[in-house]
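Here the structure comes first, spelled out in structure tokens, and everything after it is commentary.
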Amino acid sequence: MTRDDDGAKVTRFETAMKQLIDRIADDRYVLAVVQVGSLSPETIWHRESLGLWIIEADGVSRRMPSDGNSERIFRILVENDINIHAEVIPRSRFKQMVEGASRTAFSCNFFAERRIVYSKDASIESWFKKANSVATKDQERELLTFSTWTIHATRHARKRLEIKGDLELAAQEILGAAHSVAHTEIIRQGRVWEQDVIYRAMEIDPALFQTIYLDVLAKRKNRRVLATALDAIDGYLEAHYKAHLKPLLAYLKKQNRVVPLSEMSDHFAFSQLHPWHLESACEWLEQKSVLQKHSAPFKLTKRSLERVEEPAYFLDG
Amino acid sequence: MRTTIQIHGARENNLRNVDVEIPRDKLVVVTGVSGSGKSSLAFDTLYAEGQRRLLASMSTFAKRFVGQLKKPDVDFVNGLSPVVSIDQKTVGSNPRSTVGTMTDISDYLRMLFATMGTSHCPLCREALAIRTPHQMMEHLLSLPRGTEVEVRAPVYKIHGEDYEYLFEQIRVNGYRRARIDGKPRDLGDHIELDEDEVHTVEAVVDSFVIGPGIEQQVVTSLEHGLKLGDGLLGFHIVKPKSPGREHQKFYDGFGCAKHRLVAGEMQAFQFTFNDPAGACPTCAGLGTAMRVHPALLVPDPKRSINEGAFVSAAVGNSPDSWGGRQLYSLAVHYGFSLDTPFQDLAEKHVQILLHGTGGELFEVAIPPKAKIGHQHAGKKMKYAGIVNHLEHHYRQYRKQGTSNAGMDEYLKKVMVEYDCPECGGARLKRARRLVTIGDRNLYEVGEMHLADLIDYLGVIEPTPKQRAIADTIVREVATRLELLVAIGLDYLSLNRRSATLSGGESQRIRLSSQIGSGLMGMLYVLDEPSIGLHPKDNVKMIETLERLRDLGNTVIVVEHDEDTIRAADHIVEIGPGPGVHGGKVVAEGSLKKLLKDDNSLTGQYLSGKKTIDVPRKRRPATGKSILIRGARQNNLKNLRVEIPLEQFVCITGASGSGKSSLIHGILQKRLYSLLHDSRVLAGDHDEFTGSEHVSDVIDIDQSPIGRSSRSNPATYIGFYDAIRTLFAETDAAKKCGFTASTFSFNVKGGRCEECTGEGTITTQLSFMPDVEVVCPTCKGARYNQETLEVKYQDKNIAEVLDLSVEDGVEFFANQPTIARKIAVLNELGLGYLKLGHPSTILSGGEAQRVKLAGELGKLKRGKHNVYILDEPTTGLHFADIGRLLESLNRLVDNGHSVVVIEHNLDVIKTADYVIDLGPEGGHKGGHLIACGTPEEVAACKASHTGKFLAELLDKKRRRSAGA
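The listed protein sequences derive, respectively, from chains Y and V.
Each residue of the first sequence is one higher than the one before, counting from 830 in this note's numbering.
Each residue of the second sequence is one higher than the one before, counting from 176 in this note's numbering.
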């Protein structure tokens, strides 16, 4: 497919979107339409359908047996022979999704390439614009999440390499870690990007990604190349851990005591951080002697009289 | 039309094929000596059959949701109506149950507040008009097109949490923008605030650009916002920045003009403390919070930490536990020993253990006996102290919003309750406390005494629009309140926790609810409604029963109280004796007929042919006494009370006058705390002297002696072990290698394994009542055949358990230890009980006497115990009271002290010393009215008890003079 074809495809998609908007313009219960993902010639090549959020008025949802219980209803429509994957979302739920902080709200990079393409509710435009900026705390939590993934993948890759000598799987783990680093770099720059994150990150820090991504992909896989990549990722983590693991370190500093992992997980329960993310981060920090690992008693069932132990960590502020 | 209830062939428990005809629409008293079968007739036959038939009339589907009842052993009962039983059970200990919730008055008051309450601005207290979201929307639409309005919800931090937690909660609810002290902030940013300062935080709920077609989204958004703002929302025009006149008009009359707050429409559920919409977020509607009391953490300061000085559930001190490592590390670092008795530890070390190291770092040391945890040695840590640690756990637990009985029980062991720091015990959210009627909020209304509440309701003025609803609610509440006041409960308040009510108080509340229902044609069965009532209140109770009858109902009362029996239209006396000696109708008919009937023991007491005698001589004071000064528990008014020791002391006074507060709240708990467990906290008082004369304090109450059918008088008093040993020592047992445990039906070995020693097998059937059949293997004997072959004096173990107490005395005559204990049971009038009588079917009075027998059976010389009994005459006939008094006097004659809370004048008149509290209940009580011998109290004109006592003593004198 050529560049000219991409341009034609963009036009077809845009026409489809326009046709849909024309159809719903008179529907007083449809308040706004948000385009999900880019329709640029750079990204159109892989598109098979058009993604939209359709914001409806509250209390008018049409629910079908196949829809399940979620307030957000998935519909497949078609215009101009282009399938449209639309999520129909009540206004109040939509606001909660974009403004709130919970496991069901969006993490900040989700806002990438979303734009209001139609609205008859000026207030939606107003607060969507505000919400489309990345909140500092959300950015920090995203950094923490992706950093824990990086830590997790790196630890596995190093074991594959050093204990099993499995170069192929070690390389795969390193590539996974490189993608997490790419996400981290994009978020760290205060930017949001949905697709092809690794290319954007390579533009930001070409030297780092040469070592941890391109060399691992392109060069013959040998112990030296992979070890160098792992060292580079470790170096990256070490250089930025105070910023990238900030929410966790700030929490432990505020607690100023030995904190059991379950309690830590409860504190982050309404973010997209799960206990194993926190465990990875704490273990890495303990290896770097930033934290001290202790243990604390834990009841497995609410009626248990015996206690097992769970990891607990202490940061000497 | 049938005018009687006809019972034919009643054989439940000890009833001997009883035939009786009870007149309908009358007040009927069923009386008789304790254990004669009164309750078997009234409750186990009449009530059980009535209820069973009512349930049987339900559909099979409905039956799945209700328990099925066993058919009572009776041939037939004719003329039954729907039956309601009002017993003396105290309501459970649920802290959420109050007098208001029990009587449903709280439901009505909630409706009243939702209907005609006035909300107030939390900042300036200006009254706010109530608007529905639609009214707010319509007002918004009155603004010029293009105007942008920001809607904000005022939010407040939870006590004990910081602002960061509040901001997280706002974001979890789906709001990211806020105004903090008026300035716009993004809650996604880090916001540093001085936690000690109060900041105004308003979450931005939404912003609307006024234009066509926004109605629906405005309403939904406002509804969501009202939830966040607990019924309050702020409306602020943000565009244009300088509003013109047209815009300014928007604020006029729309809420608080100064702070631009509007109150949303209120629903009744928002005023309930059992719903998150109304409950105080800090205490979750309980009204109390808990904090650790250091005294509770260390039950026995004489023990060292290694010997378990701390409550084990709170602090583990095993060398392999986290707690043990911490304690050992602290001891090593700060140089104290874990083997030193806690009371001898330096104050500095106690403070470290309880309140932490104040941020000081120390190294983890591993206890020498530890098997695990060595990897932690040398690591640095800080210690916050046991108190902070437990309080942190408590906050986490509360935050989870779940309830766990085990956790609650554990917390109660080490923590004490205090008023919630946020709501001060009001249980309601700040926004709900801002809603008033006649300058009182719902909590303040609930704090009023019922009598005052009637006056309050009489003066509130609804607007003409509210009147239609408000009048109905006020009428309904006032009627219920009047009934409660009429029944002598005027001193209660709606906020009073049900768990703090006596059995009699809860019974009377339920009785008033029944009268309030206004039903007729019902059959009410009541169990001793006179319990807990002062003679002056008893008159009111009788009037209430008569009122219930006059509404067209049949009222059957199991009762021993003389006044109630005299007021009855018809009396049925069951007897003649208890247990196997009872179970027959010995007399029935009107009072007149009963007085003349020589078979009627009740008639003989009522006619004065038999009496409980006043002692000729009262015991003189020994000079030993317990002195309580400054008693202020509950309603006690800074009392100075001297309780003489080695005497029979009666505490009297109207219901709610403070008797239990003084005796259970202060005397018993303080003595128990001094003699046994320092963790027990006595009620408020200044000084307590005289405890050096007391060896022990024993509360003999009417609670069951066991909750399982495996418990019985023999196991409770302890002579069952001796009986089992006797069997084990027989030649037959020795030959088979049987030990004492073989003769227990609780453990494998000698018991019947088919029924695991129960004697019966219960089969659960769907749609049908559970069927209990006698075990086909052991035929109810509870033991296997080999065990039953072992005999002692020609009786096997099952036959011995089947012996009555009377027969037991004779059977064990050559075994003095066993015989003495059984003889005490017999002396207390329990001769009819079987030795293996399951404790689950003992009445409260029987259980109390079994306990008393247990105490009498272990009397030791040289001990000076204080025995506390709360209304021991409950369930006792005049004849039983005489026997009870003999036992109590035996305790005193043995050098002990007996303190009895009692209303029964026959008991009071025999006391050595009477302490009368009053004059009334609740806030009108709590004073010491009179004290001294019954004659001295009778001479006190201010004493209600004295008045009734004087009448009784006079009657007695006249009778003696006549004789």
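Yeah, the Cβ is synthetic: ideal placement off N, Cα and C, and Gly gets one too.
All values derive from a computational prediction rather than experimental measurement.
Partner residues on chain V for Thr965/Y, Cβ-Cβ distance less than 9 angstroms: Within the first sequence, numbered from 1, the residue matching residue 965/Y stands at position 136. Near Thr965/Y (Cβ distances below 9 angstroms), the residues of chain V are Asp361, Gly363, Asp364 and His365.
Can you pull the DSSP bridge partners for Tyr618/V? Along the second sequence, read from residue 1 onward, the residue named residue 618/V stands at position 443. Answer by DSSP bridge pairing: none, since Tyr618/V is not bridged.
Shortest alpha-carbon distance to Ile1043/V belongs to which of Arg1058/V, Ile1076/V and Leu461/V? Numbered from its first residue, the second sequence carries residue 1043/V at position 868. When each option's Cα is compared against that of Ile1043/V, the closest is Ile1076/V.
Using three-state DSSP, classify Arg478/V as helix, strand or coil. In the second sequence, counting from the first residue as 1, residue 478/V sits at position 303. The answer is coil: DSSP assigns Arg478/V none of H, G, I, E or B.
DSSP three-state assignment for Leu1125/Y, whether helix, strand or coil: For the purposes of this step, residue 1125/Y is identified with residue 296 of the first sequence, where counting begins at 1. The sequence shown places Ala at residue 1125/Y, rather than the Leu named in the question. DSSP places Ala1125/Y within a strand segment (E or B) once states are collapsed to three.
Got a sec: is the Cβ-Cβ distance from Gln1156/Y to anything in chain V below 8 angstroms? Beyond the ends of chain Y as shown, which are 830 and 1146, falls residue 1156/Y; an answer cannot be given.
Where do the ends of the alpha helix (DSSP H) carrying Cys950/V lie? Along the second sequence, one-based indexing puts residue 950/V at 775. Where Cys950/V is concerned, there is no enclosing alpha helix (DSSP H), given that its DSSP letter is neither H nor E.
Near-chain V residues of the region 847 to 860 of chain Y - C-beta to any C-beta below 9 angstroms: So the close ones are Arg857, Tyr858 and Leu860.
Do you know offhand how far Ala941/Y's Cα is from His1069/Y's? As a first step, residue 941/Y is located in the first sequence; it is residue number 112 there, counting from the start. As a first step, residue 1069/Y is located in the first sequence; it is residue number 240 there, counting from the start. Caution is warranted here: a pLDDT of 49 is assigned to Ala941/Y, below 50, making its placement in the model unreliable, and the coordinate value is therefore given only provisionally. The straight-line gap from Cα to Cα measures roughly 24 angstroms.
Sort out for me which residues DSSP pairs Asn1040/V with in a bridge. For the purposes of this step, residue 1040/V is taken as the residue at position 865 of the second sequence. Within the DSSP secondary-structure output, Asn1040/V pairs in a beta bridge with Asp871/V.
At what residues does the beta strand (DSSP E) containing Ile883/Y begin and finish? Position 54 of the first sequence holds residue 883/Y. Under the DSSP assignment, Ile883/Y falls in the beta strand (DSSP E) whose first and last residues are Ser878 to Glu885.
Mind checking Pro894/Y: buried by the 16 CB within 10 Å criterion, or exposed? Taking the first sequence and counting its residues from 1, the one referred to as residue 894/Y is at position 65. Pro894/Y is exposed by the Cβ-count criterion.
Show which residues of chain V have a CB atom less than 8 angstroms away from the CB atom of Ser955/Y. The residue you call residue 955/Y lines up with position 126 of the first sequence. Those within 8 angstroms of Ser955/Y in chain V are Glu323, Ser382 and Val384.
Please report the Cβ distance between Leu221/V and Val259/V, rounded to the nearest whole angstrom; I am assuming they are in contact, meaning their Cβ atoms lie under 8 angstroms. The residue given as residue 221/V occupies position 46 in the second sequence. The residue given as residue 259/V occupies position 84 in the second sequence. The Cβ separation is near 12 angstroms, so there is no contact.
First through last residue of the alpha helix (DSSP H) which encompasses Tyr666/V: Start at 1 with the first residue of the second sequence, and residue 666/V comes out as number 491. For Tyr666/V, there is no enclosing alpha helix (DSSP H), as DSSP marks it with neither H nor E.
Please confirm whether Lys834/V and Ala907/V have their CB atoms less than 8 angstroms apart. The residue you call residue 834/V lines up with position 659 of the second sequence. The residue you call residue 907/V lines up with position 732 of the second sequence. No, Cβ-Cβ distance for Lys834/V and Ala907/V is not below 8 angstroms.
Buried/exposed call for Gly757/V, threshold 16 Cβ in 10 Å: Position 582 of the second sequence, counted from the first residue, corresponds to residue 757/V. When all chains shown are included, Gly757/V counts as buried.
From which residue to which residue does the beta strand (DSSP E) around Ala743/V run? Reading the second sequence from its first residue, position 568 is the one you call residue 743/V. Element bounds for Ala743/V: n/a, residue is neither H nor E.
Helix or strand or just coil, what does DSSP make of Phe537/V? Indexing the second sequence from 1 puts residue 537/V at position 362. Of the three classes helix, strand and coil, the one that applies to Phe537/V here is strand, per DSSP.
Kindly give me the distance between the Cβ atoms of Thr611/V and Thr293/V, rounded to whole angstroms, as I take these residues to be in contact under 8 angstroms. Walking along the second sequence from the start, residue 611/V turns up at place 436. Walking along the second sequence from the start, residue 293/V turns up at place 118. Confirmed, about 6 angstroms.
What whole-angstrom Cβ distance do Asp887/Y and Gln391/V have, given they're in contact under 8 angstroms? Taking the first residue of the first sequence as 1, we reach residue 887/Y at position 58. Taking the first residue of the second sequence as 1, we reach residue 391/V at position 216. The beta-carbon separation of Asp887/Y and Gln391/V, rounded to 6 angstroms, stays under the 8 angstroms limit for a contact.
Between which two residues does the beta strand (DSSP E) carrying Lys414/V extend? Walking along the second sequence from the start, residue 414/V turns up at place 239. Run containing Lys414/V: Leu407 to Lys414, per the beta strand (DSSP E) assignment.
Any idea if Thr344/V is buried or exposed, counting beta-carbon neighbours within 10 angstroms, 16 or more meaning buried? Position 169 of the second sequence, counted from the first residue, corresponds to residue 344/V. Going by the sequence as given, residue 344/V is Gln instead of Thr. With 16 or more other Cβ atoms inside 10 Å of its own Cβ, Gln344/V counts as buried.
Does any C-beta atom of chain Y lie closer than 8 angstroms to the C-beta of Lys923/V? If you number the second sequence from 1, residue 923/V lands on position 748. At least 8 angstroms separates the CB of Lys923/V from every CB of chain Y.
From the beta carbon of His530/V, is the nearest beta carbon of chain Y less than 8 angstroms away? Locating residue 530/V in the second sequence gives position 355, where the first residue counts as 1. Not one chain Y Cβ lies under 8 angstroms of His530/V.
Distance cutoff 8 angstroms, beta carbons only. Does Phe1143/Y sit that close to anything in chain V? The residue given as residue 1143/Y occupies position 314 in the first sequence. For Phe1143/Y, the answer is yes, since a Cβ of chain V falls inside 8 angstroms of its Cβ.
Hey, does Gln1018/Y have any beta-carbon neighbour from chain V nearer than 8 angstroms? Counting from 1 along the first sequence, the entry for residue 1018/Y is found at position 189. No - not a single Cβ of chain V is within 8 angstroms of the one on Gln1018/Y.
Following the continuous alpha helix (DSSP H) through Asn713/V, name the residue where it begins and the one where it ends. Position 538 of the second sequence, counted from the first residue, corresponds to residue 713/V. Its alpha helix (DSSP H) spans residues Pro710 to Asp725.
Could you tell me which residues DSSP puts in a beta bridge with Cys825/V? Here residue 825/V is taken as the residue at index 650 of the second sequence, counted from 1. BP columns for Cys825/V point to Val1075/V and Val1089/V.
Tell me whether Arg271/V sits in a helix, a strand or coil according to DSSP, three-state version. For the purposes of this step, residue 271/V is taken as the residue at position 96 of the second sequence. Coil, per DSSP.
Who pairs with Thr1049/V in a beta bridge, going by DSSP? In the second sequence, residue 1049/V corresponds to position 874, counting from 1. Bridge partners of Thr1049/V: none, in fact.
Since I believe Arg899/V is in contact with Ala915/V (beta carbons under 8 angstroms), could you give me their beta-carbon distance rounded to a whole number of angstroms? Here residue 915/V is taken as the residue at index 740 of the second sequence, counted from 1. Here residue 899/V is taken as the residue at index 724 of the second sequence, counted from 1. Contact flag correct, Cβ pair sits at about 4 angstroms.
Against Tyr350/V, what residues of chain Y qualify as contacts under a CB-to-CB distance less than 9 angstroms, listed in chain order? Position 175 of the second sequence, counted from the start, is the residue given in the question as residue 350/V. Ordered by position in chain Y, the residues that pass the 9 angstroms Cβ test against Tyr350/V are Lys924, Gln925, Glu928 and Gly929.
Check distances from the C-beta atoms of the region 883 to 898 of chain Y to those of chain V and list, in chain order, the residues that come in under 9 angstroms. For the region 883 to 898 of chain Y, residues whose beta-carbon sits nearer than 9 angstroms to a beta-carbon of chain V comprise Ala886, Asp887, Gly888 and Val889.
What residues from chain V crowd round His1123/Y, counting only those whose CB sits closer than 8 angstroms? As a first step, residue 1123/Y must be located in the first sequence, where it is residue number 294. Per Cβ cutoff of 8 angstroms: Trp497, Val539, His551, Lys554 and Met556.
Is the number of C-beta pairs between the region 1094 to 1104 of chain Y and the region 1044 to 1057 of chain Y that are closer than 8 angstroms three or more? Short answer: they don't touch.
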